[in-house]
Structure formats: structure tokens, C-alpha cells
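Residue numbers (my numbering): 157 to 479. In this text, a Cβ means the ideal position worked out from N, Cα and C, and glycines have one as well.
Listed below in C-alpha cells is the structure:
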């Protein structure tokens with residue numbers, strides 16, 4: 157639910173484990189079938205994700221992702237009354253059976269879109285731990301488009317071989333904190349959530365504050381692995397959802413924000429990056445510039461720009477991504 161992917165788990169079953177190793181085979185069914193292996197480790201409030209592609213490119217050091225993991229933070233979003241209300245207004249959960257996966261007793265749960273009367277996701281959930289071992293995703297026509305299937309699971313894994321000291325010259329640690337809508341607006345009083353042009357059935361359901369700490373190594377003596385300096389930046393995340401699909405709004409400041417972030421009347425928006433599911437803008441705001449990223453594959457680049465304009469009440473937009 158947050159911008160970065162979170163570890164597996166099913167929302168309505170309490171996660172019941174202290175450590176976890178889960179290895180899944182991921183398959184994307186497109187014009188060509190794409191396959192990869194994804195490994196997750198959860199231990200001591202740490203989440204590690206390692207991906208191996210079908211071509212055998214193992215990216216332990218360069219792409220291994222490490223972040224703090226709070227089980228309550230992971231599951232609490234799914235239990236918020238606002239979230240549950242919007243989820244059940246758009247979708248229906250159905251328990252359709254039981255099966256075993258890797259000798260674990262599991263319940264099979266389907267998530268159906270009420271408006272389209274179609275299957276969206278099938279979960280195969282470990283009854284004892286609440287971990288979703290297998291997941292299957294379907295398009296509007298009921299065609300399977302993605303799947304995750306457990307290859308191995310261990311609830312007491314040996315993690316001694318995991319090196320938490322990333323060898324990259326840029327290490328970032330993220331500290332997440334859930335905040336209320338009121339707390340968000342106290343820090344960002346110019347944010348206009350009521351004017352957001354969200355698709356039908358979507359609304360703001362969750363809010364986060366994050367501090368990013370980036371250690372930059374001394375290139376003259378990188379072998380020492382002693383950070384030259386630690387940079388801190390601040391981010392706020394707004395989750396807009398229909399219960400399944402999300403629109404993630406991330407507002408970033410390149411320093412530690414210790415007071416209210418004001419938005420000047422003469423501020424200008426510059427759209428600097430256009431990706432398939434993400435639009436990134438820089439808000440030129442004298443003395444306190446910021447970046448705003450909108451990520452969602454359910455709306456277009458143009459719709460993401462409109463959300464940025466509505467969020468800030470700024471009409472002047474320079475789209476630097478136009479060809």
C-alpha cells in the first residue's frame with residue numbers, strides 16, 4: 157500500500173510469526189511469459205527482498221532492498237474503518253475452499269469486483285500465520301495476468317548469511333509513521349484533498365510521514381565503509397484507494413521538515429518525469445522546493461497532472477516531458 161512494495165500477507169487475518177522466509181515464483185502472462193523468483197526475509201523488524209530473473213541475473217548487492225518492517229504498520233491499513241468501508245463498497249470477499257501448499261493448511265479466498273461482477277484476485281492463505289502463499293491476479297475479462305506461487309516457506313529461517321550492510325555507495329533507510337488526516341494538514345495546510353479528481357469509488361484512506369536517511373560513502377576510502385555524511389529528507393504519503401487499486405501521492409522535501417511547509421502563491425509546477433505508472437513534478441516554491449510523485453496504473457499521465465494541480469491549487473504547469 158505504501159509506494160514501495162510490502163511483504164506478503166492477507167489483510168483480514170492477523171499475521172502470526174516472528175521470522176519468515178518465503179520464496180515465490182512470479183509469472184507475468186503477457187505477449188511473452190516472464191518468470192522470476194522473489195525471496196522475502198522478515199526478521200527483527202527488517203524486511204529484505206531479493207529478486208532473481210529468469211535469465212539468472214542475481215541481484216543480491218545491487219538490487220537487494222532492505223527496509224524497516226513493522227507488522228502492525230503492515231496490516232493496520234487493511235483494518236482502518238475508512239479502508240474497510242471503501243473496500244466493501246466496491247468488492248466482495250468469498251471463501252471458496254481449502255487446500256494445502258507446502259504442507260501448510262490454507263484457505264482459498266477470492267476478491268470479486270461488484271460493478272463488473274468479475275474475479276480480481278485469488279489468495280491462498282496460510283491459516284496459522286496469515287501469510288498469502290499463493291496469489292493470482294485477473295484482468296477485467298477474467299484472464300490470469302499475474303501469479304505468485306510459493307516454492308519454499310520457513311517460519312524459523314537462518315538469516316546469518318544476510319548482509320544488512322548494502323555495498324552500494326548510496327544506502328537509504330526509511331522510517332515510516334502512520335499519521336491522521338488532521339496531522340497531515342497541520343504540516344501541509346495547503347493540501348486540498350476535497351478537490352482531488354479521483355476515479356469513481358476512490359477516496360483518501362491512509363496517510364504516512366517518512367524520514368529518509370541516506371549515507372554517502374567517502375569515495376577516496378570506500379573500503380572503510382564509513383559514511384562520509386548522513387542526509388535526511390522528509391516525505392508524506394497519501395493513499396487514495398477503492399479498496400484494491402491505489403493512487404499513491406508522495407510529497408518529498410530534500411531536508412528534514414521541522415515546521416509547517418508553506419506553499420507560496422507564485423509557486424510553479426514543473427513536470428519532470430513521465431513513466432508508465434508514475435508522474436513526477438517539482439514544485440518551484442522559493443525557499444522550500446518539493447517533489448510530488450503520483451503513482452497509479454489506473455489513471456493516465458494527464459490525469460496524474462490534474463491531481464497534482466488540484467492537490468496544490470496551482471494552475472501554472474510546465475510539462476518538460478512533452479516531446
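Exposure label - residue i; buried when at least 16 CB within 10 Å
i: residue 460; result: buried
i: residue 253; result: exposed
i: residue 415; result: exposed
i: residue 476; result: exposed
i: residue 204; result: buried
i: residue 324; result: The pLDDT assigned to residue 324 is 45, lower than 50, so where the model puts this residue is not dependable; a value taken from the coordinates is nonetheless given after this. Burial call: exposed.
i: residue 180; result: buried
DSSP three-state assignment for residue i, whether helix, strand or coil
i: residue 245; result: helix
i: residue 238; result: helix
i: residue 353; result: coil
i: residue 362; result: strand
i: residue 277; result: strand
i: residue 173; result: coil
i: residue 290; result: strand
i: residue 316; result: coil
i: residue 256; result: strand
i: residue 385; result: strand
i: residue 296; result: coil
i: residue 471; result: coil
C-beta atoms of residue i and residue j nearer than 9 Å
i: residue 407; j: residue 392; result: yes
i: residue 282; j: residue 275; result: no
i: residue 315; j: residue 197; result: yes
i: residue 418; j: residue 444; result: yes
i: residue 280; j: residue 289; result: yes
i: residue 397; j: residue 240; result: no
i: residue 438; j: residue 446; result: yes
i: residue 448; j: residue 467; result: yes
i: residue 442; j: residue 413; result: no
The alpha helix (DSSP H) enclosing residue i, as first and last residue numbers
i: residue 480; result: Here the chain covers residues 157 to 479 and nothing more, so residue 480 does not appear.
i: residue 179; result: Taken as a continuous stretch (DSSP letters only), residue 179 belongs to no alpha helix (DSSP H), being part of the beta strand (DSSP E) at 176-185.
N-terminal and C-terminal residue of the beta strand (DSSP E) that residue i is part of
i: residue 285; result: Segment: none, residue 285 is in no beta strand (DSSP E) and carries neither H nor E.
i: residue 260; result: 260-269
i: residue 458; result: Careful: residue 458 lies outside any beta strand (DSSP E), inside the alpha helix (DSSP H) at 457-468.
i: residue 403; result: 402-409
i: residue 477; result: Where residue 477 is concerned, there is no enclosing beta strand (DSSP E), given that its DSSP letter is neither H nor E.
i: residue 300; result: 300-310
i: residue 417; result: Careful: residue 417 lies outside any beta strand (DSSP E) and carries neither H nor E.
i: residue 437; result: 434-440
i: residue 198; result: 189-199
i: residue 428; result: 424-430
i: residue 448; result: 446-451
Neighbourhood of residue i by C-beta distance below 8 Å, restricted to the same chain and skipping five residues each side
i: residue 366; result: 330, 331, 332, 333, 390, 391, 392 and 393
i: residue 255; result: 262, 264 and 280
i: residue 358; result: 242, 396, 397, 398, 401 and 403
i: residue 352; result: 360, 396, 463, 466 and 467
i: residue 478; result: none
Same chain only: Cβ atoms within 6 Å of residue i, ignoring 5 sequence neighbours per side
i: residue 424; result: 440 and 472
i: residue 302; result: 184 and 293
i: residue 285; result: 172 and 173
i: residue 469; result: 348
i: residue 194; result: 180, 182 and 207
Close Cβ partners of residue i (< 7 Å) along its chain, the five nearest in sequence each way excluded
i: residue 296; result: 272 and 274
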